[in-house]
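Student:
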C-alpha cells in the first residue's frame, strides 16, 4: 500500500467520527482567534508576535501552530488528512500546556484539564483515523481499488 493510502485509511466507525468532529469543533474557534482575530483573538500578526516575542517560539513553529488550530480543525471536521490534523492539534496543545498552562495547575481557567481532554480526543484519531463520514474514507476507498 502506498503512503497516502496508509495516511487516509480508516475504519468505518461512528465513534471515531464523533471524537474527530468534537475535537474539530472545539479547536476551530481557537484557530479563528489566532488566524482571523475572531472571538476576541489577536489575528495572525498579533498571535505571531505573542508566540515569537513573549513565548520565544521560533516563527516557523508559531506559524505551524496557527495552521494546526485553524486548518487542522477544519480537516478534523471534514475528515480530511485527519491523522495529520489530529497530530498537529496534539502537538500544538502539548506545547501550549507545557509553556503556558502547566504553572496554572489542573483546573480552569489557566490549568491543564482542557489540554488533557484534547489529548484524549486526538490520540485515538491519530491511531485509528477519521472514522465514518469522512473525506479520508472516501479517498482511501478509491485508492484501494
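Residue numbers (the working numbering): 4 to 148. Each residue gets a CB set at the ideal place from its N, CA and C atoms; glycine is no exception.
(1) Could you tell me the alpha carbon to alpha carbon distance between residue 62 and residue 48, rounded to whole angstroms?
(2) Between 21, 26, 43 and 46, which has its C-alpha nearest residue 122's C-alpha?
(3) Could you pull out every residue in the same chain whose Cβ sits closer than 6 Å to the Cβ of residue 41, ignoring the five residues on either side in sequence?
(4) Where are the alpha helix (DSSP H) runs, 4 residues long or more, that stay fully inside the segment 81-118, in chain order?
(5) Can you give the Cα-Cα distance for residue 13 and residue 142, rounded to whole angstroms?
(6) Is the beta carbon of residue 29 closer than 9 Å to that of residue 89?
(7) Entirely within the segment 12-84 and at least 4 residues each: give me those alpha helix (DSSP H) ranges in chain order.
(8) Ignore the nearest five residues each way along the sequence and tell me which others in residue 109's own chain have a CB closer than 7 Å to its CB.
(9) From this set, 137, 91 and 135, which residue's C-alpha is nearest residue 66's C-alpha?
(10) Are the CB atoms of residue 20 and residue 78 nearer to each other than 9 Å?
(11) Using CA coordinates, which residue listed in 45, 80 and 59 is at the minimum distance from residue 124?
(12) Tell me whether residue 123 sits in a helix, a strand or coil according to DSSP, three-state version.
Tutor: Reading from the atomic positions:
(1) Taking the CA atoms as reference points, residue 62 sits about 11 Å from residue 48.
(2) Of the listed residues, the one whose Cα sits closest to residue 122 is 26.
(3) Result list for residue 41: 35, in chain order.
(4) Taking 4 residues as the minimum length, the alpha helix (DSSP H) runs contained wholly in the segment 81-118 are 85-99, in order along the chain.
(5) C-alpha separation (whole angstroms): 10 Å.
(6) No, they are not a contact pair.
(7) Runs found: 17-39, 46-52 and 62-81.
(8) So the qualifying residues of the chain are 115 and 116.
(9) Selected option, being the one with the closest Cα: 91.
(10) Contact check for residue 20 against residue 78 fails: the beta carbons are separated by 9 Å or more.
(11) The candidate whose alpha carbon is nearest that of residue 124 is 80.
(12) Reduced to three states, the DSSP call for residue 123 is helix.
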